[in-house]
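J.: This structure is in structure tokens; I'll ask about it shortly.
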Amino acid sequence: MDVLFRWICDNNFVTDNINLLTYRGLLKKIAMTNYDVYKNHWCVRLSKLYSTVIMDEIETEAQKRKRHSESEQQKKFQYYGHRFEKEILQFENEPQESNIVVTSKIGQYRCLFAAEVDGKDKTGNLVEIKTHRTMLTHYTNKLLSVVNF
Numbered sequence: 000m001d002v003l004f005r006w007i008c009d010n011n012f013v014t015d016n017i018n019l020l021t022y023r024g025l026l027k028k029i030a031m032t033n034y035d036v037y038k039n040h041w042c043v044r045l046s047k048l049y050s051t052v053i054m055d056e057i058e059t060e061a062q063k064r065k066r067h068s069e070s071e072q073q074k075k076f077q078y079y080g081h082r083f084e085k086e087i088l089q090f091e092n093e094p095q096e097s098n099i100v101v102t103s104k105i106g107q108y109r110c111l112f113a114a115e116v117d118g119k120d121k122t123g124n125l126v127e128i129k130t131h132r133t134m135l136t137h138y139t140n141k142l143l144s145v146v147n148f
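Numbering (numbering that gives the first Met the number 0), first residue to last: 0 to 148.
So this is what it looks like as structure tokens:
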């Protein structure tokens, strides 16, 4: 929640009319629960500050075990993903992953949420890069889709 609180303070943002503070990734995780074939567990902490609900994820014991027991192959694939992002976005040093803060509505509820983005393209637009393993041919390794925000 540090990103959101820092942004609120830095921008003197008044949260009086905000019903929910959270992260985009947590909203996605909750929304995708019924479709999660891996049955990943998650735990959410809800706090209330005046009329605003703050929703944050708490790492479960299963998530801690999984994080600590990553195989060398998993670490290698993570490295490949970061390297791919670096090549696509042509970073000179380390990837410029950053967070953005967005206001939106879910039904009647006004939300303020942070989202990680991978960087900017050559024209300065924020981009999120996704790589997907595909089985189309023996030689196909990755499929790129770029989503502009």
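All residues carry an ideal CB built from backbone N, CA and C; glycine is no exception.
Below 8 Å, can you find three or more Cβ-Cβ pairs linking the stretch 73–88 to the stretch 113–122?
T.: At 8 Å Cβ cutoff, the stretches touch.
J.: How about R44 and A113: are their beta carbons less than 8 Å apart?
T.: Against a cut-off of 8 Å, the Cβ pair of A113 and R44 comes out as no contact.
J.: Residues bridged to D55 by DSSP?
T.: In the DSSP output, where bridge partners are listed per residue, D55 has R44.
J.: According to DSSP, which residues form a beta bridge with V112?
T.: First, the residue type needs correcting, since residue 112 is Phe and not Val in the sequence shown. Paired residues: T21 and V101.
J.: Counting C-beta neighbours from all protein chains within 10 Å, is the total for T32 16 or more, i.e. buried, or is it exposed?
T.: Exposed is the call here.
J.: With 16 as the cutoff for other CB atoms within 10 Å, does I17 come out buried or exposed?
T.: It counts as buried.
J.: Which of the three DSSP states, helix, strand or coil, is assigned to G123?
T.: G123: coil per DSSP, three-state reduction.
J.: Below 8 Å on the Cβ atoms is my guess for L19 versus C110; work out the distance and round it to an integer in Å.
T.: With 8 Å as the limit, L19 and C110 qualify as a contact, their Cβ atoms being about 4 Å apart.
J.: Does G118 come out as helix, strand or coil in the three-state DSSP assignment?
T.: Looking at G118 - three-state DSSP - the assignment turns out to be strand.
J.: Alpha carbon to alpha carbon, what distance is there between I128 and E84?
T.: Rounded to whole angstroms, E84 to I128 spans 7 Å at the Cα level.
J.: Could you spell out the range, first to last residue, of the alpha helix (DSSP H) harbouring Y79?
T.: It spans E71 to L88 - the alpha helix (DSSP H) in which Y79 sits, taken as one unbroken run.
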